[in-house]
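So this is what it looks like as structure tokens:
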């Protein structure tokens with residue numbers, strides 16, 4: 001398995017955050033990963049997939065104001 005490292009991009013240069021066991025002039029392949037999916041994309045996917053459709057069904061209500069006794 002290839003090692004996974006973190007780096008910071010600064011002034012046009014990727015700077016590793018830890019020491020690397022590489023030889024001079026060794027070629028490496030870099031894969032840029034995004035931190036997280038933007039919340040707007042998650043919401044869009046959930047809406048298109050119908051993930052939250054159950055919330056609009058009245059039969060899905062678990063508790064109502066008439067359930068049980070009040071807590072003092």
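Numbering (the UniProt record's numbering), first residue to last: 1 to 72.
Glycine is no exception: its CB is placed at the ideal position from the N, C-alpha and C atoms.
Provide the residue(s) that pair with residue i in DSSP beta bridges, ordered along the chain.
i	result
residue 9	14
What does the alpha-carbon distance come out to for the pair residue i and residue j?
i	j	result
residue 55	residue 47	12 Å
residue 9	residue 27	18 Å
residue 34	residue 71	46 Å
residue 13	residue 30	13 Å
residue 43	residue 11	35 Å
residue 69	residue 63	12 Å
residue 25	residue 16	16 Å
Among the options, which residue has its Cα nearest to the Cα of residue i?
i	options	result
residue 32	65, 58, 7	7
**Prompt:** Can we say the stretch 16-34 touches the stretch 1-8, given the rule of at least three CB pairs closer than 8 Å?
**Reply:** yes
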